[in-house]
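In terms of the UniProt record's numbering, the numbers along the sequence shown are unbroken and rise by one, the last being 264.
Accompanying notes for the structure given below.
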Amino acid sequence: MSVLDDIISGVRLDLAERAARVPLSDVRRAAADAAPARPVMPAFRSDALSVVAEVKRKSPSKGDLAEIPDPAALAAAYAAGGATAISVLTEERRFRGSLADLDAVRAAVDVPVLRKDFMVDEYQFHEARAHGADLVLLIVAALGDAQLSDFLALTAELGMTALVETHTAEEVDRAVAVGAELIGVNNRNLKTLDVDLATFGGLSERIGPGAVRVAESGIFTAADVATVAAQGADAILVGEALVRHGDPTAAIAGFIAAAERARA
Ligand SMILES: O=P(O)(O)OC[C@@H](O)[C@@H](O)c1c[nH]c2ccccc12
């Protein structure tokens with residue numbers, strides 16, 4: 001069983017528990033009653049590098065990263081640095097995230113918020129929307145073709161935007177074929193947890209200029225940002241480097257400036 005399979009079995013158990021407590025019909029109603037999702041594509045399509053800054057306490061690859069006693073304060077610091085969106089891990093077992101973190105961040109900032117989880121059931125999409133998410137993550141490696149297009153359609157129906165995550169050429173082709181507008185290349189292989197920053201560069205051209213290209217994982221320095229920006233990244237998704245940084249506001253501003261220099 002790969003790490004990804006293992007994580008997803010835990011996600012399904014937790015999901016079954018929530019669904020037993022709060023029926024889908026209630027979650028649907030809460031989603032319908034929530035303030036509408038913010039549009040995100042115009043900001044991602046702007047000229048400047050977009051930074052998706054992540055609230056992440058722990059990961060299966062690195063263990064504990066940061067305590068983050070106040071996710072709202074961290075999110076506010078990210079927004080102050082110019083983050084285009086804030087990603088909040090809600091998976092509990094491996095990442096020590098929660099829907100409470102999502103609520104706290106949602107209440108604290110006006111920028112779009114991504115619910116970062118392993119989306120495998122319709123329930124989670126309504127739940128994401130009910131908790132104020134503007135974006136959700138769709139991991140191509142975890143979904144069949146029919147599921148991928150159904151979930152993309154459901155995301156759009158709920159007014160949200162999907163970040164469609166890939167790691168291989170085949171996954172990029174599947175993301176493009178299904179019409180994804182926001183495509184991430186994860187430099188980390190979720191089946192082995194190995195990170196190779198060159199993964200993005202190897203797949204960027206395959207995505208082509210039609211979709212917004214997001215370089216995800218393993219980005220730590222201005223030099224890393226310059227590398228992926230020069231390879232066509234419109235956006236970066238950064239977790240560890242920011243949660244461990246003493247001044248995440250300055251770090252994000254520095255990343256944006258580094259991309260600007262790399263493209264000039
Ligand atoms: O902490 P990093 O190396 O900057 O990575 C952030 C983000 O890309 C990573 O958390 C991530 C990318 N795709 C995921 C899917 C599930 C969980 C986590 C992830």
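Just so you know, even glycine gets a beta-carbon here, dropped at the ideal spot from N, CA and C.
Predicted model, so just to flag it, every value in this text is computed and none were measured.
query: Got a sec? Which residues, its chain only, sit under 6 Å from residue 106 by beta carbon, not counting five neighbours each side?; result: 113 and 132
query: Is the stretch 81-100 touching the stretch 46-56, taking contact as three or more C-beta pairs under 8 Å?; result: yes
query: Give every residue of the same chain whose Cβ lies closer than 8 Å to the Cβ of residue 41, excluding the five residues on either side of it in the sequence, and list them in chain order.; result: 161, 181, 182 and 212
query: Here's a check: name, in chain order, each residue in its chain whose Cβ is nearer than 8 Å to the Cβ of residue 45, leaving out the five neighbours to either side.; result: 212 and 234
query: So is residue 155 buried or exposed if we call it buried at 16+ other beta carbons inside 10 Å?; result: buried
query: I want to check one thing, is the minimum distance from the CB of residue 186 to the heavy atoms of ligand 2 below 7 Å?; result: This structure lacks ligand 2; its bound ligands are ligand 1.
query: Below 8 Å on the Cβ atoms is my guess for residue 81 versus residue 250; work out the distance and round it to an integer in Å.; result: 7 Å
query: Would you check if the distance between the CB atom of residue 49 and the CB atom of residue 259 is smaller than 8 Å?; result: yes
query: In terms of residues, what are the limits of the beta strand (DSSP E) holding residue 162?; result: 161-166
query: Just to confirm, is the Cβ distance from residue 165 to residue 179 under 8 Å?; result: no
query: Do residue 240 and ligand 1 come close, with the Cβ less than 7 Å from some heavy atom?; result: yes
query: Quick one: does the C-beta of residue 170 sit closer than 7 Å to a heavy atom of ligand 1?; result: no
query: Hey, is the stretch 114-127 in contact with the stretch 62-77, meaning 3+ C-beta pairs nearer than 8 Å?; result: no
query: With 16 as the cutoff for other CB atoms within 10 Å, does residue 13 come out buried or exposed?; result: exposed
query: For the beta strand (DSSP E) that residue 139 lies in, which residues bound it at each end?; result: 135-139
query: State yes or no: is the C-beta of residue 187 within less than 8 Å of the C-beta of residue 169?; result: no
query: What does the Cβ neighbour count give for residue 18, buried or exposed, with the cut at 16 atoms within 10 Å?; result: exposed
query: Once you ignore the five residues that flank residue 205 on each side, which residues in its own chain have a CB closer than 8 Å to its CB?; result: 232
query: If contacts are defined as beta-carbon pairs under 8 Å, then residue 60 and residue 104 qualify, I think. What distance do you get, rounded to the angstrom?; result: Incorrect: roughly 23 Å between the Cβ atoms, too far for contact.
query: Just to confirm my understanding: we take residue 130, look at its own chain, exclude 5 residues before and 5 after, and list those with CB closer than 6 Å. What are they?; result: 27, 30, 31 and 34
query: Check whether chain D comes within 8 Å of residue 126, counting only Cβ atoms and requiring the distance to be less than that.; result: Looking at the structure shown, chain D is missing, and only one protein chain is on hand.
query: Shorter than 7 Å, the distance from the beta carbon of residue 102 to the closest heavy atom of ligand 1, or not?; result: no
query: How is the alpha helix (DSSP H) around residue 13 delimited, first residue to last?; result: 3-21
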